[in-house]
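Here's the structure we're looking at; comments come further down.
Protein chains: 2
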Amino acid sequence: MDVPVWLRSRRAGVGRPPERSVAEVTAAAIALADREGLAAVSMRRVAASLDTGAASLYRYVSSRDDLLDLMADEVAAGYDLPAPGGPWLAGLLEVGRQGRTLMLGHPWLPELVLTRAPLGPHGVDLLEHVLAVLDGHPADPARKLEAFAVLNTMTAAFVLNELGAASGTRMRQGAYLAHAIAAGAHPHIAALGPSPVPGRFEDTLSRILAGLLDDQKEKP
Amino acid sequence: MDVPVWLRSRRAGVGRPPERSVAEVTAAAIALADREGLAAVSMRRVAASLDTGAASLYRYVSSRDDLLDLMADEVAAGYDLPAPGGPWLAGLLEVGRQGRTLMLGHPWLPELVLTRAPLGPHGVDLLEHVLAVLDGHPADPARKLEAFAVLNTMTAAFVLNELGAASGTRMRQGAYLAHAIAAGAHPHIAALGPSPVPGRFEDTLSRILAGLLDDQKEKP
DNA sequence: TCCATTCGAGAACAGTGTTCGCGAACGACG
DNA sequence: CGTCGTTCGCGAACACTGTTCTCGAATGGA
Chain V
1 MDVPVWLRSR
11 RAGVGRPPER
21 SVAEVTAAAI
31 ALADREGLAA
41 VSMRRVAASL
51 DTGAASLYRY
61 VSSRDDLLDL
71 MADEVAAGYD
81 LPAPGGPWLA
91 GLLEVGRQGR
101 TLMLGHPWLP
111 ELVLTRAPLG
121 PHGVDLLEHV
131 LAVLDGHPAD
141 PARKLEAFAV
151 LNTMTAAFVL
161 NELGAASGTR
171 MRQGAYLAHA
181 IAAGAHPHIA
191 ALGPSPVPGR
201 FEDTLSRILA
211 GLLDDQKEKP
Chain S
1 MDVPVWLRSR
11 RAGVGRPPER
21 SVAEVTAAAI
31 ALADREGLAA
41 VSMRRVAASL
51 DTGAASLYRY
61 VSSRDDLLDL
71 MADEVAAGYD
81 LPAPGGPWLA
91 GLLEVGRQGR
101 TLMLGHPWLP
111 ELVLTRAPLG
121 PHGVDLLEHV
131 LAVLDGHPAD
141 PARKLEAFAV
151 LNTMTAAFVL
161 NELGAASGTR
171 MRQGAYLAHA
181 IAAGAHPHIA
191 ALGPSPVPGR
201 FEDTLSRILA
211 GLLDDQKEKP
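These protein sequence lines map, in sequence, to chains V and S.
Going by full-length UniProt numbering, the first residue of the first sequence is number 1, and it counts up by one from there.
Going by full-length UniProt numbering, the first residue of the second sequence is number 1, and it counts up by one from there.
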């Protein structure tokens, strides 16, 4: 289909009524991903967790990618957006904090956020909220949109690193780094000392957003 | 294997010599990805482009993921790193510029950079260069490492957007955005006007890096 | 000339996303 | 109640996928 997943035509009271709903399918896929990771979310496995066949899912979802988009947007329903007000940076940091919590609870989300940018209903709500937070700010609309994208991207990338450090994924790159140090020829890397760990999330995000938006010498 | 791809044991002059090399396999995979995208890089298709069977590739590469890591690092060989010197921000911006060019030439790269962080030999060289550029800078080692990660992540994310805008991928989210605007209830989004396009790459990157590193009130 | 060692690669396994087609189930209408 | 148009469920099939097993072939050093 050419049309986005979220506004496909609804039924017209005629014909056999469906036994399940898009929301149920999405919920099953999210539960499966939470339990066994994104790779386990195959049409057959999702269908099996609903006691049905893989082909049936295509009545609710037009492709696996659609299902992934639905999953991401559904999790974005978990944002608890406060009324905008107060300093804009604090408002954006709150969004980042909540995003990080959501992603830590659904470790498959960062990859989805980083590689596709589908903006379903809840994503649009989030964007609306960010724009509201930035309401009095003098920056270009384009720059505000950019700030929204940077906020999401950096949060996802940060959480991906956090999760990679928790599992042993960090070991693999660390192993080669150690080799590169031992081989000499990389003095600055060697001078770093023993694996300095990246800093706090909020501090980093705050600096980045401030650099992007808090420029006192705005273009006239 | 537990050990990274880049330092697996070399041959010992005994037995039948291999007919191909890791570099050849990597080059074939890169050529295929350039031509038909990352999804086309299957073991069978890469093998076919080398006139051999899929199983043979496992003599050079221990998994498809390994091959992807090799591809990413091989492209990173294309950086032309100048001697460090001059203002650090200009040095980092030059790295970003070159990274963007590399990624625009290999549209499958951003996804790889965003979702995995394997740091092969050329990635390590790049890190060494960035640390050299940042040599006199007073920031923590951890923050310098973070700046390196942010530089790569933001470049990849930016190029991914650029590529998505060039193809019709942008249409899909734009379509739903338009619907959200028409439905009311999102006044700030509606106030943005007709699809403001994100700003220039170097300007954005410059602001972000400056915010991250150029803080005059460093912690004592 | 052996022969340990390595390489090449066909065959097979256990999956994958997606499409087709048909029987079954339903709401509205007569 | 019976019919009818429409929709749904889903088994079967297709064209792939990554990976492993296996075994014959090739090789260079002794």
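Just so it is clear, CB atoms sit at the ideal spot from N, CA and C, and this is done for glycine as well.
For H129(V), the enclosing alpha helix (DSSP H) starts and ends at 121-133.
Remark: C-beta atoms of G96(S) and T155(S) approach each other more closely than 8 Å.
The shortest C-alpha to C-alpha distance from S21(S) to any of T52(S), P198(S), P87(S) is the one to T52(S).
Between D69(S) and P118(S), the gap from beta carbon to beta carbon is short of 8 Å. Using a CB distance below 9 Å, the part of the segment 94-124 of chain S facing chain V consists of P110, E111, L114, T115, R116, A117, P118, L119, G120, P121, G123, V124, ordered along the chain. Note on M71(V): 16 or more other CB atoms within 10 angstroms of its CB, so buried under the neighbour-count rule. By the neighbour-count criterion, in which 16 or more other beta carbons inside 10 Å mark a residue as buried, R200(S) falls on the exposed side.
For L192(S), the three-state secondary structure derived from DSSP is coil. Listed by position along chain S, the residues whose Cβ is nearer than 9 Å to that of T204(V) are R143, E146, V150, L212. Taking the beta carbon of G193(S) as reference, the chain V residues within 9 Å of it are P141, listed in sequence order. The residues W6, D73, in chain order, have a CB closer than 6 Å to that of G120(S) in the same chain once the five nearest residues on each side in sequence are set aside. For V75(S), no Cβ of chain V is located within less than 8 Å of the residue's own Cβ. Within chain S, D140, P141, A142, L145 have C-beta atoms less than 8 Å from the C-beta of P196(V), given in sequence order. With the rule of 3 Cβ pairs closer than 8 Å, the segment 175-188 of chain S does not count as touching the segment 170-179 of chain V.
Y58(S) does not reach chain V, its nearest Cβ partner there being about 19 Å away, counting only Cβ pairs nearer than 8 Å.
Between the segment 52-62 of chain V and the segment 91-109 of chain V, the count of Cβ pairs shorter than 8 Å is below three; the stretches do not touch.
A straight line joining the alpha-carbon of E146(V) with that of S9(S) spans about 46 Å. The DSSP assignment places no complete run of the beta strand (DSSP E) inside the UniProt domain "HTH tetR-type" (19-79) of chain S (cut-off: 3 residues). Considering only beta carbons, the part of the segment 171-185 of chain V lying closer than 7 Å to chain S consists of R172, Q173, A175, Y176, L177, H179, A180, in chain order. Proximity of chain V to I208(S) at the Cβ level (cut-off 8 Å) is accounted for by V150, I208, G211, L212, in chain order. In this structure, the beta-carbon distance from A40(S) to L32(S) falls below 8 Å. Shown here, A185(S) sits in coil according to DSSP, grouped into three states, outside any helix or strand. Taking a Cβ-Cβ threshold of 7 Å, the residues of chain V close to L131(S) are H188, I189, in chain order. Along the segment 156-185 of chain S, the alpha helix (DSSP H) occurs as fully enclosed runs of 4 or more residues at 169-182, listed in sequence order. Contact between L114(S) and T115(V) holds, since their C-beta atoms are separated by about 6 Å, short of 8 Å.
One finds Y176, H179 in chain V with Cβ atoms closer than 7 Å to the Cβ of L7(S), taken in chain order. Chain S places no beta carbon closer than 8 Å to that of E162(V), leaving this residue out of the contacts. Look at T153(V): its C-beta is under 8 Å from a C-beta on chain S. Taking C-beta atoms as the reference points, V133(V) and L92(V) count as a pair closer than 8 Å. For a Cβ distance threshold of 7 Å, residue set I189 of chain S lies close to L127(V), ordered along the chain. The beta carbon of T153(V) sits closer than 7 Å to the beta carbons of L114 from its chain, once the five residues preceding and following it are set aside; these are given in chain order. In this structure, the alpha-carbon of L213(S) lies about 12 Å from that of A210(V). Judged by DSSP in its simplified three-state form, A147(V) adopts helix.
Burial state of E128(S) is buried, judged by a 10 Å Cβ sphere holding 16 or more other Cβ atoms. At a cut-off of 8 Å between beta-carbon atoms, A23(S) makes no contact with chain V.
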